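Note sheet for the following structure.
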Amino acid sequence: MTRAISLHDVSKSYTRGTRVVDRVSLDIEPGEFLVLLGPSGCGKSTVLRMIAGLEEIDEGRLLLDGAYANDLPPSGRDMAMVFQNFALYPSMTSRHNIGFPLRFEAPGMDPRPRVDATARMLGIEEVLDRFPAQLSGGERQRVAMGRAIARHPSAFLMDEPLSNLDAKLRNHLRAEISTLTRELGVTTVYVTHDQSEAMSLGDRVAVLRGGVLQQVGTPRSVYALPRNVFVAAFIGTPRINLLRGMMRAPLGAAMTISLGKQYLRLPEPLSLDHQLLRVQQGREVIVGLRSEAVRIAKPSAARPGEMALTGLVEHVEFQGHEALVHFNTGSSPAVVPDLEAPRPAARSTRRRREGGPGVLDRLRDRAGALRAGPVAVLDEPRSTAPVTPPEGRLPGDLIVRTAPDIDLRHGMQVPLLVDLAHLFVFDHHGERICPAPARAPDLEE
Ligand SMILES: Nc1ncnc2c1ncn2[C@@H]1O[C@H](COP(=O)(O)OP(=O)(O)OP(=O)(O)O)[C@@H](O)[C@H]1O
Ligand SMILES: [Mg+2]
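Okay, structure coming up:
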């Protein structure tokens, strides 16, 4: 049996007035693999623990297969949890660790066939008679997974189950988890702060920030149509380039986005998405360019829709199969708070409202995703970094992927082409305005 899990406006506060989970609504389908993704402290584990029944729900409703389940004790939920710090009983062999929960769940049943079948599935038959101290980290984690699987639960709840393992083993087990949960067809909610893990595992990814759900969608849709600048920056490696720009849309002349000393002229005839930018005339915006939208090439090589920029090489990062070139284009990077630093302290709901109600607040309510505070910071003075070689080293504002054998050195001036069909523009609150917000990710597929 597998199960549908729904959260309706679920909130949680540990101290009065401070929501660590703020009105989260989520419908997880039977058999779905849903990843909860977000930076440290954003409330992922708290959401998972509320689903498991280990944490009380303050407000909102949890439905399991459509039935109200807020008050159901954990033992009545038929879910198995796998934690980061998988605690195995040190005095029990792997076999007994895996079979232990069955004593309570299916008293009288001989656990051996199930334990053996689970061990076969996980490839740990050889270590069944060893104690935890005699196992490697990866084997221990498989035994912990085995303990969850042998129960035949109706859902798996996994809280960063791989983060204690080295990178190679993590990748290996990641693939195994994906195969196993799909073979078993059991609903899985998987928590991680690692976006590449989320993208490779999830049927859908739910991005949380400061307790507020930002976006839920397939990995492809959150990457291609991030709702706001936080999601855009959190998902994808190398991280999306985010530059502060100014919209210029004079009547009867070409529309441009100025980026410090340089500008991007939007190709004509304007696409529908670019036409919508006209209303931003004279406003600050955030330009988002994923690395695949920029290439190193002369203006004469431009394809339709590509516009030229010049970049000064700051630093070349050799990656083996490719190189990442950090350029200074004389623009200033936009700052996206909360991306990876742990939240210093949970913000109080009272303080968040101090800005006073108004148009801005209404916009925030509409977007929902902004309840966790501004997604972009544009209020410091604009830097006017020149494109000519600076005295000191400036951090590159544009990262471009290229072949690993390219001969580029610090200080070289290089022509770049930007494919404006792949342009993201966010307004000064950080909400996506290009591609048009009406192109809702979930309607794309
Ligand atoms: N028992 C508790 N009492 C008070 N505050 C708590 C408690 N548990 C969690 N918090 C706070 O709630 C917020 C969300 O915590 P949570 O553990 O859900 O975050 P997380 O997204 O899982 O982070 P991480 O990636 O670091 O595990 C954090 O600010 C945390 O300090
Ligand atoms: Mg956690």
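Counting in our numbering, the sequence shown runs from 854 upward without gaps.
Positions of the beta carbon are idealized from the N, C-alpha and C atoms, including for glycine.
Quick caveat: nothing in here was measured; it's all calculated off a predicted structure.
Over what stretch of residues does the beta strand (DSSP E) that includes residue i continue unbroken?
i: Pro1268; result: 1266 to 1272
i: Gly1041; result: Per the sequence shown, the amino acid found at residue 1041 is Thr instead of Gly. Unbroken beta strand (DSSP E) run through Thr1041: 1040 to 1045.
i: Gly1164; result: 1159 to 1171
i: Asn1094; result: 1094 to 1101
i: Asn1181; result: 1176 to 1181
i: Leu1066; result: 1065 to 1070
i: Phe953; result: That residue, Phe953, is in no beta strand (DSSP E); its alpha helix (DSSP H) goes 947 to 958.
i: Met962; result: No beta strand (DSSP E) contains Met962, which DSSP labels as neither H nor E.
i: Ile1030; result: Counting along the chain, Ile1030 falls outside any beta strand (DSSP E), though it belongs to the alpha helix (DSSP H) covering 1020 to 1037.
i: Thr899; result: No beta strand (DSSP E) holds Thr899; the alpha helix (DSSP H) holding it covers 897 to 905.
i: Asp862; result: 858 to 868
i: Arg1292; result: That residue, Arg1292, is in no beta strand (DSSP E); it is neither H nor E in DSSP.
State the Cα-Cα distance for the pair residue i and residue j, rounded to the nearest angstrom.
i: Leu1273; j: Gly1173; result: 28 Å
i: Leu1061; j: Pro1288; result: 22 Å
i: Ile1030; j: Gly1264; result: 46 Å
i: Leu1104; j: Gly1063; result: 41 Å
i: Ser928; j: Tyr921; result: 15 Å
i: Ala1077; j: Thr1071; result: 10 Å
i: Leu988; j: Leu1026; result: 16 Å
i: Ala959; j: Leu1066; result: 38 Å
i: Glu1170; j: Leu955; result: 52 Å
i: Arg1262; j: Arg1156; result: 26 Å
i: Ala1001; j: Leu1192; result: 32 Å
i: Gly1164; j: Gly1141; result: 16 Å
i: Ala1194; j: Gly891; result: Caution is warranted here: a pLDDT of 46 is assigned to Ala1194, below 50, making its placement in the model unreliable, and the coordinate value is therefore given only provisionally. When rounded, the distance between both Cα atoms is 11 Å.
i: Ser947; j: Glu1167; result: 53 Å
i: Lys897; j: Thr1032; result: 23 Å
i: Glu1121; j: Ile1110; result: 14 Å
i: Met945; j: Gly952; result: 10 Å
i: Arg965; j: Pro943; result: 20 Å
i: Ala1146; j: Val1253; result: 9 Å
i: His1046; j: Gln1133; result: 34 Å
i: Gly1158; j: Thr1255; result: 20 Å
i: Val1075; j: Gly870; result: 31 Å
i: Pro883; j: Thr1034; result: 12 Å
i: Phe1279; j: Asp982; result: 57 Å
i: Ala1161; j: Ala1176; result: 21 Å
i: Arg1136; j: Phe1277; result: 16 Å
Counting only the same chain and skipping the five closest in sequence on each side, list residues whose C-beta sits under 7 Å from that of residue i.
i: Leu1129; result: Ile1286, Cys1287, Ala1289
i: Leu941; result: Asn950, Pro985, Arg993, Val996, Ala997
i: Gln1299; result: The shown model of the chain, from 854 to 1298, leaves out residue 1299, and the question about it has no answer.
i: Ala1220; result: Confidence at Ala1220 is low in this model, with a pLDDT of 47, below 50, so its placement is unreliable and the value that follows should be read with caution. Taken in chain order, the residues that qualify are Glu1284.
i: Val873; result: Lys865, Ser866, Tyr867, Gly896, Thr899, Gly1064, Ala1199
i: Gly999; result: Ile951, Thr971, Ala972, Leu975, Ile977
i: Leu907; result: Pro927
i: Ala877; result: Before going on, a small fix: residue 877 reads as Val here, not Ala. Excluding positions up to five away in sequence, the list reads Leu860, Val863, Val900, Leu1066.
Near residue i, which residues of its chain fall below 8 Å by C-beta distance, leaving aside the five closest residues on each side in sequence?
i: Met1108; result: Met1100, Arg1101, Ala1102, Arg1118, Leu1119, Leu1123, His1127, Leu1130, Arg1131
i: Ala1059; result: Leu879, Leu887, Val888, Leu889, Leu890, Leu1066, Gln1068, Val1069
What are the start and end residues of the alpha helix (DSSP H) that includes residue i?
i: Lys1114; result: Premise fails: Lys1114 is in no alpha helix (DSSP H) and is neither H nor E.
i: Arg1140; result: The sequence shown places Val at residue 1140, not Arg. Careful: Val1140 lies outside any alpha helix (DSSP H), inside the beta strand (DSSP E) at 1137 to 1142.
i: Phe1087; result: 1082 to 1087
i: Val1058; result: Unbroken run through Val1058 is the beta strand (DSSP E), 1057 to 1062; no alpha helix (DSSP H).
I'd like the list of long-range same chain contacts for residue i, defined as Cβ closer than 6 Å, with 5 residues on each side in sequence excluded.
i: Gly913; result: His861, Asp862, Val863, Ser864
i: Ile910; result: Val863, Met903, Asn923
i: Met934; result: Ala905, Leu1010
i: Tyr1151; result: A quick correction: the sequence has Lys, not Tyr, at residue 1151. Cβ within range, chain order: Pro1268.
Following a CB-centred definition, is residue i positioned closer than 7 Å to any heavy atom of ligand 4?
i: Asp1012; result: Ligands displayed in this structure: ligand 1 and ligand 2; ligand 4 is not among them.
Taking 8 Å as the CB-CB cut-off, is residue i touching chain D?
i: Leu1104; result: Chain labels in this structure do not include chain D; a single protein chain is all it has.
*Can you list the residues near ligand 1, meaning Cβ strictly closer than 5 Å to any non-hydrogen atom, in the order they appear in the chain?*
Tyr867, Val873, Ser893, Gly894, Cys895, Gly896, Lys897, Ser898, Thr899, His1046, Ala1199
*Evaluate the contact criterion for the segment 888 to 904 versus the segment 1009 to 1016: three or more CB pairs, one atom per stretch, below 8 Å.*
yes
*Counting pairs of beta carbons, one from the segment 906 to 920 and one from the segment 854 to 867, are three or more of them closer than 8 Å?*
yes
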